[in-house]
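Mapping of the sequence shown onto this note's numbering: residues 104 to 236, in sequence order.
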Amino acid sequence: MAKKTDVFYGFCTFWTGDWVWLAEKNGARVARDFNEFPPPVMEALAEKGITIQRKPRPVKPPSIPHCPFCHSVGFEMPREDWLKEAREWEDGTSPIAKGVPHPGYVAMLLWGEKKCFPTYTMLETAWRMTLEA
């Protein structure tokens, strides 16, 4: 298992630096943790045709790090480096952002920790609906 300071980041939106939590989820079904959005958020997502009904599959170590929910392959990097890059994207100083700020990006990612969305659009939609609820 990685160092506790590392971040797991998959091709879905899942990430965490909580390696103890992730180790506890290995081999376990974690649907209870997956759908803990308030009912109005889930209803609003459903109205937009967004469903979050996937059941996570067990993680069978040893393996490449991957999301415990959808199994997208991930990688590890120091948490502070990852958050630094996220802050640069948020304030527009990242070379990829090209001077365009993305307000609230870091807060959205922190809210999305230990959650799995197939795309960042779905993560952003759920995040905004949570703010409105």
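We treat Cβ as the ideally placed atom computed from N, Cα and C, and that holds for glycine.
Being a predicted model, the structure only gives us computed values, none of them experimental.
Alpha carbon of residue i to alpha carbon of residue j, nearest angstrom
i    : j    : result
P204 : K187 : 14 Å
E235 : I199 : 29 Å
K151 : C173 : 21 Å
G202 : E183 : 22 Å
P221 : A229 : 12 Å
E179 : W122 : 11 Å
Local Cβ density within 10 Å of residue i, reported as buried at 16 or more and exposed below that
i    : result
L213 : exposed
E195 : According to the sequence displayed, residue 195 carries Gly and not Glu. The residue is exposed, with fewer than 16 neighbouring Cβ atoms inside 10 Å.
A149 : exposed
K218 : buried
E146 : exposed
R132 : Because R132 sits at a pLDDT of 41, beneath the cut-off of 50, its placement in the model cannot be relied upon, and the point is left open.
T224 : exposed
Beta-carbon proximity list for residue i, same chain, < 7 Å, skipping 5 on both sides
i    : result
E216 : W118, T119
V176 : G113, F114, I167, H169
Three-way DSSP call (helix, strand, coil) for residue i in this model
i    : result
D194 : helix
T224 : helix
E146 : helix
T233 : helix
V162 : Caution applies to V162, whose pLDDT of 49 falls short of 50 and renders its modelled position unreliable; the value that the coordinates give is listed next. V162 falls in the coil class under three-state DSSP.
A188 : Residue identity check: residue 188 is Glu in the sequence provided, not Ala. Correct three-state label for E188: helix.
V209 : helix
Own chain, CB closer than 8 Å to residue i, minus 5 neighbours either side, in chain order
i    : result
S197 : E188, E191
E227 : M211
Sequence-distant residues of the same chain with beta carbon closer than 6 Å to residue i, five excluded per side
i    : result
E193 : H205, Y208, V209
W185 : V110
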